[in-house]
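*Asks:* Provided herewith is a single structure, encoded as structure tokens, for subsequent inquiry.
Protein chains: 2
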Amino acid sequence: MSNGIERPGEAQQRTVISLDAMGGDRGPAAVVAGLVDSARSDDALSFVLHGDETVLAPLIARHPEIAGRVSIRHAPRVVTMEDKPSQVMRHGQGTSMWSTIESVKEGEARVAVSCGNTGALMAVSMIRLRKLPGVNRPAIACLWPSRNPGGFNVMLDVGADIKAEAEDLLQYATMGAAYARNGMNLRRPRVGLLNVGTEEHKGRAELKQAHDLMLAAQDAAGFDFVGFVEGGDIPSDRVDVIVTDGFTGNIALKTGEGTAKLISDFLKEAFGAGILSRFAALLALNSLKRLQRRIDPRRVNGGVFLGLNGTVVKSHGSADSTGVAAAIRLAAQLARSGFNDRLAARLASAGRAGQDAAVEGSGQKQ
Amino acid sequence: MSNGIERPGEAQQRTVISLDAMGGDRGPAAVVAGLVDSARSDDALSFVLHGDETVLAPLIARHPEIAGRVSIRHAPRVVTMEDKPSQVMRHGQGTSMWSTIESVKEGEARVAVSCGNTGALMAVSMIRLRKLPGVNRPAIACLWPSRNPGGFNVMLDVGADIKAEAEDLLQYATMGAAYARNGMNLRRPRVGLLNVGTEEHKGRAELKQAHDLMLAAQDAAGFDFVGFVEGGDIPSDRVDVIVTDGFTGNIALKTGEGTAKLISDFLKEAFGAGILSRFAALLALNSLKRLQRRIDPRRVNGGVFLGLNGTVVKSHGSADSTGVAAAIRLAAQLARSGFNDRLAARLASAGRAGQDAAVEGSGQKQ
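Below, the structure written as structure tokens:
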């Protein structure tokens, strides 16, 4: 299959995305539709598309205007949502997911995007890309609709690991701040540590320790530490990045999504009852659409894996073409900002500052 | 001060509520207004009202029709939102909160209601009422708007303790189910254990252990165990009671409240922009009000302390008269159902079943 990315000279200007066509709930057609949308709106994007060539080639052939920018990489197998991460780690070669990550490892693409099984994608990413020097636990960061001017806050970890020690939480802060700087153009992001109260004496022991580490490391890591924040602060404008362990973060994320879904359903029921309400709903259509756009989960589609030698964007399994396009847009922005190299540098300097602080802290206590 | 509750004969039919008039953000006037609303709509209620008599007597005197059903108990001091639980525990005598709990301890009232500082209220309740036999950690249960016919689910613990072992989670399940039976008239409530996935191998070690304990104890404790549930299931109709530790529960509760507030604000902005939208909002007023009623936090006002020798309802600190009346209504229902005696009996039998299961379980492993 011919493609544009291998021509010398042109490759430097292009941003190459490694895209997993398989494994999403809506099949490869939705992923290719998202690819086509992204390619049309961004001339500098090229793609390595992984999956069953007999399925993908006809889908791409329908769009001759972008065919030259897509290289299909045949992968005969698919990771399903039911596959266990440990099995995929051992026997995942030949799957489109494995092949997608391999393209980033080989340097052929700058960033990977997949709609597949989250646990398996993290496992394959860990084993093939390896962790950044000094990182103990990689994390998954998500975007959360907020009252901030940019419209979103970053929260991490939302499910890479169910545990996090104080040092891991400090690394999450550094990684989340780097993400906010490069993905959302915030010069000095404000970082908050999720807890059950804002008083310094509250919460678990590892949170109090992480509080002190973040306070000491904030300058080296390039963020402002605002201290403890509560669940109600996640969408607030007093913070840009919310740090928590993957257990709590996952529960909070799904609770927020579930609450939004409940209210949205109640709203539809309320407007569906009675002729006057239906008429009002028609009149309010633009207002309701504006609201929908602000809280549309497809717009914030893309959990980013942080702490690896390479950037991986996890799109929602149920993403449609709009969702896939949003994940690709996010991946392109992170690739162009040189995000991962900057993150590695920050982690190194913040780690040193954190270690110094820990030594000083223990010294003071003695 | 004359009151109705001491007349023999009549006292048996009356449900006596011990009400803390002080400590709420809106002051004693809001609490008294809630009392008056409740007393008017429920003839069988009497009150012991705790606080500064010089403030309370004139407030009650304005409502001669209910004055005979309210006994004022003077307490010169007030617990503030800033007071630390440990200090209130040691030096809390003379406060309206202490006096409110004391009325339940003395058997003068069946149930206590307070808008004050949650941590202090739990501390005073623990030290004066003591834990039910066999209870390690008391819990706070809240109501959550849901898709169930009754309109609400129960979640606990939402903040009594930041830690919970497997045995504590089993007790929360038993206590939450008893609450749903007596407070919401569900014969055999469905209980789910909050986790980051529904597969049995997922999550922390204490959750897997609690899973097995609940499975074994469900018949003795009178609930159906549905297994692990996720954050998105909290408002769902596949479960009535959601069990989690107080750290996770508090974060989930505040995340849900924060998300609802964000969407409600966005909705107002959307309907406030443009003349057509405002006109639509007028037409849709009834629909919006119907929605508001379904998710109004004042309607679900009342965290219930479970696992003590007596029932304590914690009203939201910022509750207005509607919120206070809702908390009183909940307290009255729990008092009339003989909730706490039934809970004590269930705890005893479920504890035995859980112990048997634990012994069997460890036997199988050997």
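Sequence lines, in order, name chains A and B.
Following this note's numbering, the numbering of the first sequence begins with 1 at its first residue and continues without gaps.
Following this note's numbering, the numbering of the second sequence begins with 1001 at its first residue and continues without gaps.
Backbone N, C-alpha and C fix where the C-beta goes; we use that ideal spot for every residue, glycine too.
Counting only C-beta atoms, is Phe1047/B closer than 8 Å to chain A at any point?
*Replies:* By 1-based counting over the second sequence, the position of residue 1047/B is 47. Phe1047/B does not count as touching chain A.
*Asks:* Tell me, please, whether the CB atom of Arg1204/B is closer than 8 Å to any CB atom in chain A?
*Replies:* Translated into positions along the second sequence, residue 1204/B becomes position 204. True, the Cβ-Cβ gap to chain A drops below 8 Å.
*Asks:* Distance check for Asn250/A and Gln218/A, CA to CA, integer angstroms please.
*Replies:* Within the first sequence, residue 218/A is the residue found at index 218, counting from 1. Within the first sequence, residue 250/A is the residue found at index 250, counting from 1. Roughly 25 Å between the two C-alpha positions.
*Asks:* Which class does Ser318/A belong to by DSSP, given the choice of helix, strand or coil?
*Replies:* Counting from one through the first sequence, the residue named residue 318/A turns up at place 318. The answer is coil: DSSP assigns Ser318/A none of H, G, I, E or B.
*Asks:* Taking Val1304/B and Ala1112/B to be in contact with their CB atoms under 8 Å, please state how far apart those CB atoms are, rounded to whole angstroms.
*Replies:* Taking the first residue of the second sequence as position 1, residue 1304/B is located at position 304. Taking the first residue of the second sequence as position 1, residue 1112/B is located at position 112. With a contact defined as Cβ atoms closer than 8 Å, Val1304/B and Ala1112/B miss out at about 11 Å.
*Asks:* Below 7 Å CB to CB, which residues in the same chain sit around Ala1109/B once its five sequence neighbours on both sides are set aside?
*Replies:* Start at 1 with the first residue of the second sequence, and residue 1109/B comes out as number 109. Same-chain partners within the cutoff: Val1016, Ile1017, Ser1018, Val1048, Ser1103.
*Asks:* Examine the ligand SAH and report whether any of its heavy atoms sits within less than 7 Å of the Cβ of Ser337/A.
*Replies:* Among the ligands in the structure shown, none appear at all, so the ligand SAH cannot be discussed.
*Asks:* Going by Cα to Cα distance, which pick from Lys131/A, Val79/A, Ser321/A, Thr311/A is closest to Arg336/A?
*Replies:* For the purposes of this step, residue 336/A is taken as residue 336 along the first sequence, with counting starting at 1. The shortest Cα separation from Arg336/A among Lys131/A, Val79/A, Ser321/A, Thr311/A belongs to Thr311/A.
*Asks:* Give the residues of chain B in contact with Gly232/A, contact being defined as C-beta atoms less than 8 Å apart.
*Replies:* Within the first sequence, the letter at position 232 stands for residue 232/A. By Cβ distance, chain B contributes Lys1254, Thr1255, Glu1257, Gly1258, Lys1261.
*Asks:* Pro380/A versus chain B: which residues are under 7 Å apart at the beta carbon?
*Replies:* This structure does not reach residue 380/A, given that chain A is present from 1 up to 366, and the question cannot be answered.
*Asks:* Give me whichever residues DSSP pairs with Trp1144/B in a beta bridge.
*Replies:* Within the second sequence, the letter at position 144 stands for residue 1144/B. Asn1153/B.
*Asks:* Could you tell me which of Asp20/A, Asp157/A, Phe339/A sits nearest to Gly94/A, measuring between CA atoms?
*Replies:* As a first step, residue 94/A must be located in the first sequence, where it is residue number 94. Here the closest residue by C-alpha is Asp20/A.
*Asks:* Would you list the one or two residues that DSSP bridges to Ala112/A?
*Replies:* Here residue 112/A corresponds to residue number 112 of the first sequence, with the count starting at 1. Ser18/A, Val312/A.
*Asks:* So which residues of chain B does Leu194/A contact, with C-beta pairs closer than 7 Å?
*Replies:* As a working mapping, residue 194/A is identified with position 194 in the first sequence. Within chain B, the residues near Leu194/A are Ile1251.
*Asks:* Mark Pro1138/B as exposed unless 16 or more other C-beta atoms lie within 10 angstroms of its C-beta, in which case mark it buried.
*Replies:* Residue mapping note: residue 1138/B aligns to position 138 of the second sequence, counting from 1. Buried, because 16 or more other Cβ atoms sit within 10 Å of the Cβ of Pro1138/B.
*Asks:* By the criterion of Cβ-Cβ separation under 8 Å, what are the contact partners of Ile242/A in chain B?
*Replies:* The count along the first sequence starts at 1 and reaches residue 242/A at position 242. Simply none; closest approach about 10 Å.
*Asks:* Anything in chain A within Cβ reach of Thr1198/B, meaning under 9 Å, just list it in chain order.
*Replies:* In the second sequence, the residue the question calls residue 1198/B occupies position 198. Under the 9 Å cutoff, chain A gives no residues; its nearest Cβ is about 11 Å from Thr1198/B.
*Asks:* How is the beta strand (DSSP E) around Gly119/A delimited, first residue to last?
*Replies:* Along the first sequence, read from residue 1 onward, the residue named residue 119/A stands at position 119. Going by DSSP, Gly119/A is part of no beta strand (DSSP E) but of the alpha helix (DSSP H) stretching over 118–129.
*Asks:* Ser1321/B: buried (16+ other C-beta within 10 angstroms of its C-beta) or exposed?
*Replies:* Along the second sequence, one-based indexing puts residue 1321/B at 321. With 16 or more Cβ atoms within 10 Å of its Cβ, Ser1321/B is classed as buried.
*Asks:* Within the same chain, show all residues whose beta-carbon is closer than 6 Å to that of Gly1363/B, passing over the 5 residues directly before and after it, in chain order.
*Replies:* Against the second sequence, residue 1363/B aligns to sequence position 363. With a pLDDT of only 38 at Gly1363/B, under 50, the local geometry of the prediction cannot be trusted, and no value is derived from it.
*Asks:* Suppose you measure from the CA of Ala1221/B to the CA of Asp168/A; what does that come to, to the nearest Å?
*Replies:* As a first step, residue 1221/B must be located in the second sequence, where it is residue number 221. As a first step, residue 168/A must be located in the first sequence, where it is residue number 168. Each residue's alpha carbon lies about 40 Å from the other.
*Asks:* The alpha helix (DSSP H) spanning Leu207/A covers which residue range?
*Replies:* Counting from 1 along the first sequence, the entry for residue 207/A is found at position 207. Note, Leu207/A: alpha helix (DSSP H), 205–221.
*Asks:* Mind checking which residues open and close the beta strand (DSSP E) that includes Ile72/A?
*Replies:* Taking the first sequence and counting its residues from 1, one reaches residue 72/A at position 72. Looking at the DSSP string, the run of the beta strand (DSSP E) that includes Ile72/A is 70–74.
*Asks:* Looking at Gly192/A: is its Cβ nearer than 8 Å to the Cβ of Phe228/A?
*Replies:* Looking up residue 192/A in the first sequence gives position 192. Looking up residue 228/A in the first sequence gives position 228. Yes, these two residues count as a Cβ contact at 8 Å.
*Asks:* So for Asn3/A, helix, strand or coil by DSSP?
*Replies:* For the purposes of this step, residue 3/A is taken as residue 3 along the first sequence, with counting starting at 1. In this prediction, Asn3/A scores a pLDDT of 43, lower than 50, which makes its location untrustworthy; no coordinate-derived value is stated.
*Asks:* Using DSSP with H/G/I as helix, E/B as strand and the rest coil, what is Gly193/A?
*Replies:* Along the first sequence, one-based indexing puts residue 193/A at 193. A small correction: the amino acid at residue 193/A is Leu; Gly does not occupy that position in the sequence shown. Residue state, collapsed to three classes: strand.
*Asks:* With burial defined as no fewer than 16 other Cβ atoms inside 10 Å of the residue's Cβ, what is the status of Gly9/A: buried or exposed?
*Replies:* Your numbering for residue 9/A matches position 9 in the first sequence. Any answer about Gly9/A is weak, because its pLDDT of 43 lies below 50 and its placement is not dependable; what the coordinates show is given next. Exposed, because fewer than 16 other Cβ atoms sit within 10 Å of the Cβ of Gly9/A.
*Asks:* Tell me which residues share the same chain as Arg1130/B and place their Cβ nearer than 6 Å to its Cβ, disregarding the 5 neighbours each side in the sequence.
*Replies:* Reading the second sequence from its first residue, position 130 is the one you call residue 1130/B. Excluding sequence neighbours, Arg1130/B sits near Asn1309.
*Asks:* Leaving out five residues on either side along the sequence, give the residues of the same chain with a beta carbon under 7 Å from the beta carbon of Ser1099/B.
*Replies:* Against the second sequence, residue 1099/B aligns to sequence position 99. Result list for Ser1099/B: His1050, Arg1073, Ala1075, in chain order.
*Asks:* Would you list, in chain order, the members of the stretch 135–146 of chain A that have their beta-carbon closer than 8 Å to a beta-carbon of chain B?
*Replies:* Pro145, Ser146
*Asks:* May I ask which residues mark the beginning and end of the beta strand (DSSP E) holding His201/A?
*Replies:* Here residue 201/A refers to the residue found at position 201 of the first sequence. Counting along the chain, His201/A falls outside any beta strand (DSSP E), and DSSP gives it neither H nor E.
*Asks:* I'd like to check one pair, Ala1327/B with Ser1315/B: are the Cβ atoms closer than 8 Å?
*Replies:* In the second sequence, the residue the question calls residue 1315/B occupies position 315. In the second sequence, the residue the question calls residue 1327/B occupies position 327. Against a cut-off of 8 Å, the Cβ pair of Ala1327/B and Ser1315/B comes out as a contact.
*Asks:* Terminal residues of the continuous beta strand (DSSP E) containing Val1243/B?
*Replies:* Position 243 of the second sequence, counted from the start, is the residue given in the question as residue 1243/B. Its beta strand (DSSP E) spans residues 1241–1243.
*Asks:* I need the DSSP call for His91/A, collapsed to helix, strand or coil.
*Replies:* As a position in the first sequence, residue 91/A is number 91, starting the count at 1. In the three-state reduction of the DSSP assignment, His91/A falls in the helix class.
*Asks:* Determine, using beta carbons only, whether Phe368/A and Arg1204/B come nearer to each other than 8 Å.
*Replies:* For chain A, the structure presents residues 1 to 366; residue 368/A sits outside this window and is missing.
*Asks:* On the criterion of 16 or more Cβ atoms from any shown chain inside 10 Å, does His211/A qualify as buried, or is it exposed?
*Replies:* Sequence index remark: in the first sequence, residue 211/A carries index 211 (1-based). By the neighbour-count rule (16 or more Cβ atoms within 10 Å), His211/A is buried.
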